[in-house]
């Protein structure tokens with residue numbers, strides 16, 4: 050039985066999902082739906098998703114507006130451009146992280162984001178962009194928010210720490226890829242000025258064996274949930290002096306507000322769940338993958354020393370982690386039945 054409280058998003062990938070969108074919201078308490086803008090054409094056929102094109106996306110946004118505006122979570126990637134660039138890079142023999150990034154330049158992330166914001170504005174929908182990795186996309190969001198405020202942005206810890214020049218080979222392969230040092234610093238600026246609403250791990254618990262390959266064969270993604278707070282505290286607060294209140298909001302009130310979890314989650318106000326993490330801002334610790342409690346047997350941060358670590362986690366008033374040890378009993382988790390624009394309702398045991 051889970052120790053985690055859950056409020057999952059669903060992937061939308063076929064016509065039935067659009068037709069039944071209102072039922073998922075009404076009968077299952079799901080108020081956010083993932084859509085992969087890259088799963089079309091050759092990429093879509095490989096995954097058995099022949100129908101997910103821009104027409105499908107149009108209908109999904111339109112339908113979402115009709116059923117109360119659940120959040121549409123858009124993976125923004127122009128796969129047609131990416132595929133052409135990738136063919137050229139592979140043909141030239143490129144196999145570095147910089148080569149991987151050159152297949153997916155900033156415009157392949159920013160252009161679909163512009164398209165999504167335009168369609169969402171015209172159709173009355175709301176959109177959320179996960180794992181944003183470039184200054185270009187953030188600048189477009191800032192521009193668009195001048196006329197359309199129903200767009201929300203997330204980035205991930207690895208984009209705040211690594212670049213296309215990081216010495217990781219296939220271990221650093223992600224989608225989207227790492228970009229330039231300027232892009233990395235732009236993301237910290239985005240947290241500081243409020244353009245970025247959420248920082249999430251995009252955690253993928255892969256084994257090292259799936260990563261320790263050539264760039265084109267290595268799997269994408271890596272573990273990140275255990276190091277998200279040390280990254281924010283050490284690299285954000287201590288190194289760059291990003292205000293703690295801003296950093297805290299990206300992992301508490303920001304996601305709670307956007308994903309219909311407030312005011313039960315993301316707050317310490319009277320009546321909210323007693324969910325919080327105690328941190329020691331001065332504690333220094335060197336990352337060891339075998340100490341992170343993950344299925345994965347590696348970490349991007351192996352050997353990194355971070356200043357600022359969580360020491361205790363409390364969920365609904367019960368301590369579930371103390372000094373790195375899991376202490377909560379299984380079955381403490383819950384399914385949160387979300388309602389658009391309203392507080393969630395507790396569902397069955399998770």
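Numbering (this note's numbering), first residue to last: 50 to 399.
Quick reminder that beta carbons are idealized off the backbone N, C-alpha and C, glycines included.
- Here residue 375 carries a strand assignment [DSSP, helix/strand/coil].
- Residue environment analysis places residue 360 among the exposed positions, since fewer than 16 neighbouring C-beta atoms fall within 10 angstroms of its C-beta.
- One alpha carbon belongs to residue 220, the other to residue 209, and they sit about 17 Å apart.
- Under the three-state reduction of DSSP, residue 66 is assigned to helix.
- In the displayed model, residue 205 falls within coil according to three-state DSSP, outside both helix and strand.
- Distance from the CA of residue 176 to the CA of residue 114, rounded to the nearest whole angstrom, comes to 11 Å.
- Taking every protein chain shown into account, the CB of residue 375 has fewer than 16 other CB atoms within 10 angstroms, so this residue is exposed.
- Three or more beta-carbon pairs drawn from the segment 276–292 and the segment 347–360 are found closer than 8 Å, and the two stretches are therefore classed as touching.
- Under DSSP, residue 81 takes part in a beta bridge, and its partners are 120.
- Taking a cut-off of 8 Å for Cβ pairs, the segment 54–65 and the segment 366–386 touch, as three or more such pairs fall below it.
- When only Cα atoms are considered, residue 291 and residue 297 end up about 10 Å apart.
- Assignment of residue 363 by DSSP, reduced to helix, strand and coil, places it in the strand class.
- For the pair residue 107 and residue 60, the Cα-to-Cα distance works out to about 16 Å.
- Beyond the five residues adjoining it in sequence on each side, residue 394 comes within less than 6 Å, by CB distance, of 386 in the same chain, given in chain order.
- The C-beta of residue 349 has 16 or more other C-beta atoms within 10 Å across all chains shown, which makes the residue buried.
- Taking residue 259 as reference, the option from 347, 362, 309 and 248 with the minimal CA-CA separation is 347.
- Ranking 341, 388, 351 and 378 by CA distance to the CA of residue 372 puts 341 first.
- In the structure shown, residue 237 adopts helical secondary structure according to DSSP, grouped into three states.
- Secondary structure within the segment 213–268: the alpha helix (DSSP H) runs of 4 or more consecutive residues, fully enclosed, are 230–242 (chain order).
- For the 8 Å CB-CB criterion, residue 110 and residue 128 do not form a contact.
- By the Cβ neighbour-count rule, residue 213 is buried, with 16 or more other Cβ atoms within 10 Å of its own.
- Of the candidates 322, 143 and 179, the residue whose Cα lies closest to the Cα of residue 251 is 179.
- Secondary structure of residue 295 (DSSP, three-state): helix.
- Our two residues, residue 147 and residue 140, have alpha carbons roughly 15 Å apart in a direct line.
- The continuous stretches of beta strand (DSSP E) do not include residue 341, and DSSP gives it neither H nor E.
- A Cβ-Cβ separation of about 6 Å places residue 255 in contact with residue 345 under the 8 Å criterion.
- Looking at the backbone, the Cα of residue 247 and that of residue 158 are separated by about 18 Å.
- Within 10 angstroms of the beta-carbon of residue 314 lie 16 or more other beta-carbons, which makes it buried.
- Counting only the Cα atoms, residue 336 lies some 38 Å from residue 62.
- Under the DSSP assignment, residue 386 falls outside any alpha helix (DSSP H), being part of the beta strand (DSSP E) whose first and last residues are 383–388.
- Under the Cβ criterion (8 Å, minimum of three pairs), the segment 131–145 does not count as touching the segment 183–197.
- With respect to the C-alpha of residue 391, the residue from 319, 316, 324 and 309 having the closest C-alpha is 309.
- Around residue 155, the same chain offers 183 and 185 as residues with beta carbons nearer than 6 Å, after the five sequence neighbours per side are excluded.
- Counting every other CB atom within 10 Å of its CB across the protein chains shown gives residue 94 a total below 16, marking it as exposed.
- Judged by beta-carbon spacing, residue 389 lies within the 8 Å limit of residue 117, meaning their Cβ atoms are closer than that value.
- No Cβ-Cβ contact shorter than 8 Å links residue 102 with residue 83.
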